[in-house]
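**Student:** So that you can map any letter, position 289 of the sequence shown is 289 in this note's numbering, and since no number is skipped, the others follow by simple counting.
Glycine included, every Cβ here is placed at the ideal spot set by N, Cα and C.
Computed from a predicted model, the values in this text were never measured in an experiment.
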Amino acid sequence: MIDVQRLRILREVAEHGSFSGAAAALLLTPSAVSQQIAALERSLGTPVVERTTRGTTLTDPGRVLVESADVVLAELVHAQERISRLAQGRAERLAVATFISGGQLLLPPALTGFAAAHPRAELTVLESETEESLALVREGRAELALVYHFDGPPPVRPGDRSGLAWTPLLDDPMRIVVPAAHPLAGRGEVDLAELSGQRWVQGCVSVGELLDGYAAIAGFEVNVSCRTTDYGFAVSLIAAGVGIGLIPSVALAGPPPGVSVLTLRAPAPTRYIGLVTRRGKQSPLVEELTRNLLAAPQALGLR
1 MIDVQRLRIL REVAEHGSFS GAAAALLLTP SAVSQQIAAL ERSLGTPVVE
51 RTTRGTTLTD PGRVLVESAD VVLAELVHAQ ERISRLAQGR AERLAVATFI
101 SGGQLLLPPA LTGFAAAHPR AELTVLESET EESLALVREG RAELALVYHF
151 DGPPPVRPGD RSGLAWTPLL DDPMRIVVPA AHPLAGRGEV DLAELSGQRW
201 VQGCVSVGEL LDGYAAIAGF EVNVSCRTTD YGFAVSLIAA GVGIGLIPSV
251 ALAGPPPGVS VLTLRAPAPT RYIGLVTRRG KQSPLVEELT RNLLAAPQAL
301 GLR
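1) Under 8 Å by Cβ, that's how I've got P154 and Y214 pegged, so tell me the actual separation to the nearest angstrom.
2) Would you kindly check if the distance between the Cβ of P168 and the Cβ of Y272 is under 8 Å?
3) Output the residue ranges of the alpha helix (DSSP H) runs that lie fully inside the segment 8 to 55 and measure 4 residues or longer, sorted by chain position.
4) Compare the beta carbon distance of L136 and L164 with 8 Å and say whether it is the shorter of the two.
5) If you reduce the DSSP assignment to three classes, tell me which class R278 lands in.
6) Alpha carbon to alpha carbon, how far is S68 from A95? Give it in angstroms, no decimals.
7) Please state if the CB of T263 and the CB of E194 are separated by a distance shorter than 8 Å.
8) Starting from the Cα of Y231, find the closest Cα among R141, G45, H149, P256 and give me that residue.
9) Out of R51, S43, S196, T56, point me to the one whose CA is closest to G17's CA.
10) Less than 8 Å between the C-beta atoms of W166 and G280, yes or no?
11) Between the alpha carbons of Y148 and R278, how many angstroms are there, rounded?
12) Terminal residues of the continuous beta strand (DSSP E) containing A110?
13) Got a sec? Which residues, its chain only, sit under 6 Å from A234 by beta carbon, not counting five neighbours each side?
14) Measure the C-alpha to C-alpha separation of V156 and R138 and round it to an integer number of angstroms.
15) Following the continuous beta strand (DSSP E) through A180, name the residue where it begins and the one where it ends.
16) Starting from G245, trace the beta strand (DSSP E) both ways and give me its first and last residue.
17) Return the first residue and the last residue of the beta strand (DSSP E) that E127 is part of.
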C-alpha cells in the first residue's frame, strides 16, 4: 500500500525540484524529505526521483505517482469534507465551475427547481475558463464544471490519468456577426475569404487564436479593432459598427438587436461544450444537476 503522506511529499518534490524546496514548503527538514522518498522507493522497488547536484527530477514511475497523487489527494479531501458535514449535520456542498457564455444560457434552466428541491444544499457557482475549471474539479474544489474546447480532442480523454470524466453536452457552431447596416447583413451564409479586409471585434482570446488560424487558411490576416473577454460586450460593439465578429451560437441565443448573424460555409469552426466531473460514482446532487444540464439544450431548442 502506498503511503498517502509520502505521495504528498513526492508531489512537493516534483513541484519545487529539490528536497530542500519541498522541505521548506512542508515545514520539514531536507533529511526528513529524503528519508520519506527513500522509504517510498523501497516500498515500490523502483526509484521515483533522480538526484543530481542541481536538484531532483522525476523518473517515469515518479511521474505516474505524481499524476495519481493529485487525484488521490483530491478524493481524500472531498471525502473528508463530506464526512465532516454528515457528522456535524451540515448540508451537502455543490460547487459548479462554468465559463460565462455557457453558464448564462445553460446553467439557469438546469438549476430551476434544483435549489427549491434541495434548500439545505450549499450551492456555489465559480466563474472560470476551461483550464482553471479542470484544476478546480481535479483538486476537489468543484464537483462539476461546464467547459468547452474547439478543434481537436476534448480536454479530458478516456484512459488518461487526470482522474476526470468528460460528458459531451452540445455542439456550438461559431457564427459571423455583422452590424445590421453591413453590406453582408441578411446574406444567410458567407465564405470566410469574403471577410478579408474587415475589422474584427474579438470576444475571447481563444477565439482570436482560432480566427487567426482559419483566416490564414482563407488567405488573409485578421485586422483587430477591439479585443474583449465578454461576448455580450463584443456584440454591442459590433452593433455600434466597430467591426464584425466570430461569436458562438450559444452567446447569440435570442438574436441581439442591431446585428445580423451569418452562417460560415465550411471549413468553419465549432465550439464543443461538455461537462467534467471526477471519474467514478458521483453524489446524488451531482447526478441530478448533470441530468438537468444534459436536458437543457433540448429544452432551449438548441438541438
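**Tutor:** Taking the geometry as given:
1) Here the question's residue 154 lines up with position 154 in the sequence shown. Here the question's residue 214 lines up with position 214 in the sequence shown. That pair is no contact at about 20 Å.
2) The residue given as residue 272 occupies position 272 in the sequence shown. The residue given as residue 168 occupies position 168 in the sequence shown. Yes, the pair counts as a contact, with Cβ atoms nearer than the cut-off.
3) 19 to 26, 30 to 44
4) Here residue 136 refers to the residue found at position 136 of the sequence shown. Here residue 164 refers to the residue found at position 164 of the sequence shown. No, these two residues do not count as a Cβ contact at 8 Å.
5) Here residue 278 refers to the residue found at position 278 when the sequence shown is read from its first residue. Strand, per DSSP.
6) Reading the sequence shown from its first residue, position 95 is the one you call residue 95. Reading the sequence shown from its first residue, position 68 is the one you call residue 68. Near 23 Å, if we compare the C-alpha coordinates of S68 and A95.
7) Here the question's residue 194 lines up with position 194 in the sequence shown. Here the question's residue 263 lines up with position 263 in the sequence shown. No, the pair does not count as a contact, with Cβ atoms beyond the cut-off.
8) Against the sequence shown, residue 231 aligns to sequence position 231. The option with the nearest alpha carbon to Y231 is P256.
9) Along the sequence shown, read from residue 1 onward, the residue named residue 17 stands at position 17. Measuring from the Cα of G17, the nearest candidate turns out to be T56.
10) Here residue 166 refers to the residue found at position 166 when the sequence shown is read from its first residue. Here residue 280 refers to the residue found at position 280 when the sequence shown is read from its first residue. No, the pair does not count as a contact, with Cβ atoms beyond the cut-off.
11) For this step, residue 148 is matched to residue 148 along the sequence shown. For this step, residue 278 is matched to residue 278 along the sequence shown. C-alpha separation (whole angstroms): 16 Å.
12) Residue numbering aside, residue 110 sits at position 110 when the sequence shown is read from its first letter. Here A110 belongs to no beta strand (DSSP E); instead the alpha helix (DSSP H) covers 100 to 111.
13) By one-based count along the sequence shown, residue 234 stands at place 234. So the list reads V201, G203, T228, G245, once near-sequence residues are dropped.
14) Translated into the one-based positions of the sequence shown, residue 156 becomes position 156. Translated into the one-based positions of the sequence shown, residue 138 becomes position 138. The alpha-carbon atoms of V156 and R138 are separated by roughly 11 Å.
15) Position 180 of the sequence shown holds residue 180. Careful: A180 lies outside any beta strand (DSSP E) and carries neither H nor E.
16) By one-based count along the sequence shown, residue 245 stands at place 245. Looking at the DSSP string, the run of the beta strand (DSSP E) that includes G245 is 245 to 248.
17) Position 127 of the sequence shown, counted from the first residue, corresponds to residue 127. Where E127 is concerned, the enclosing beta strand (DSSP E) stretches over 122 to 127.
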